[in-house]
Amino acid sequence: MNEIIIIGGGCFWCTEAMFLSLRGILSVESGYCGGHVKFPSYKEVCTGNTGHAECIRITYDSTELSFEDIIDIHLHTHDPCSLNRQGGDIGTQYRSVIFYNNVAEKSMIEARLTHAQLDFDLPIVTTIEKMDIFYPAEDYHQNYYALNKDKNPYCSTVVSEKLSKMMKKYKERLK
Numbered sequence: 333m334n335e336i337i338i339i340g341g342g343c344f345w346c347t348e349a350m351f352l353s354l355r356g357i358l359s360v361e362s363g364y365c366g367g368h369v370k371f372p373s374y375k376e377v378c379t380g381n382t383g384h385a386e387c388i389r390i391t392y393d394s395t396e397l398s399f400e401d402i403i404d405i406h407l408h409t410h411d412p413c414s415l416n417r418q419g420g421d422i423g424t425q426y427r428s429v430i431f432y433n434n435v436a437e438k439s440m441i442e443a444r445l446t447h448a449q450l451d452f453d454l455p456i457v458t459t460i461e462k463m464d465i466f467y468p469a470e471d472y473h474q475n476y477y478a479l480n481k482d483k484n485p486y487c488s489t490v491v492s493e494k495l496s497k498m499m500k501k502y503k504e505r506l507k
């Protein structure tokens with residue numbers, strides 16, 4: 333059965349590349365969520381003034397990958413203990429966030445965060461936010477890593493390193 337979840341964990345180029353490599357993931361779309369500006373642009377979101385986070389909307393096959401699996405993978409492929417930053421990316425637009433649609437999803441997210449806390453020395457600061465409007469990012473952000481890994485130094489270093497670590501940790505889940 334096809335399901336959707338929206339998460340943010342820093343630059344959406346990284347999160348998109350990681351989740352696209354997993355079995356059970358049907359599609360990943362980069363975009364913006366959780367803010368107050370309608371139809372924000374990348375330039376506006378980068379100011380940190382729109383309230384949006386860089387996010388990905390994941391469509392997945394829940395018979396292969398559960399909601400809880402996605403949350404666990406998300407929490408272990410970025411730093412959920414770092415407030416409003418991932419590496420050199422700083423600002424609320426890079427916050428660690430998981431969006432929920434209903435009370436049942438919110439409860440599952442809270443339970444996974446509590447369980448994941450056992451793996452971290454510092455407190456997890458990932459926010460749990462009510463799903464709002466997801467705005468797709470501009471076309472040039474979609475599938476960015478695959479299209480730019482040899483052209484953009486950020487991709488060839490930062491994204492490639494994160495992707496490599498994720499692939500080692502979750503090798504049994506790769507496509």
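With our numbering applied, the sequence shown corresponds to residues 333 to 507, in that order. From the three backbone atoms N, C-alpha and C, an ideal C-beta is built for every residue, glycine too.
Item, Value
"Among the candidates Gln-474, Glu-376, Val-435, Ile-456, whose CA atom is the shortest distance from the CA of Asp-404?", "Ile-456"
"Going by DSSP, what residue range makes up the alpha helix (DSSP H) through Arg-389?", "First-last for Arg-389: 385-393, but that is the beta strand (DSSP E), not the alpha helix (DSSP H)."
"Leaving aside the five residues before and after Val-490 along the sequence, list all residues of the same chain whose C-beta is less than 6 Å from its C-beta, in chain order.", "none"
"Run through the DSSP bridge pairs and tell me what Asp-482 is partnered with.", "Answer by DSSP bridge pairing: none, since Asp-482 is not bridged."
"Taking the alpha-carbon of Arg-427 as reference, which of Gly-341, Ile-337, Met-333 has the nearest alpha-carbon?", "Gly-341"
"If you run the structure through DSSP and keep just helix, strand and coil, what is Glu-361?", "strand"
"Ile-465: buried (16+ other C-beta within 10 angstroms of its C-beta) or exposed?", "exposed"
"Between the Cα of Ala-443 and the Cα atoms of His-410, Phe-399, Lys-481, His-473, which residue gives the shortest distance?", "Phe-399"
"Could you tell me the distance, in whole angstroms, from the CA atom of Glu-376 to the CA atom of His-473?", "15 Å"
"Relative to the C-alpha of Ile-357, which residue among Glu-504, Glu-386, Cys-343, Asp-393 is closest?", "Asp-393"
"Helix, strand or coil for Tyr-467? Go by DSSP, reduced to three states.", "strand"
"I believe Gln-418 touches Cys-365 by the beta-carbon criterion, under 8 Å. Please report the beta-carbon distance rounded to the nearest angstrom.", "With 8 Å as the limit, Gln-418 and Cys-365 do not qualify as a contact, their Cβ atoms being about 16 Å apart."
"If you drop the 5 nearest sequence neighbours on each side, which residues of the same chain put their C-beta closer than 8 Å to that of Phe-371?", "Tyr-467"
"Report, in whole angstroms, the separation of the C-beta atoms of Leu-407 and Ala-448, which I expect to be a contact under 8 Å.", "5 Å"
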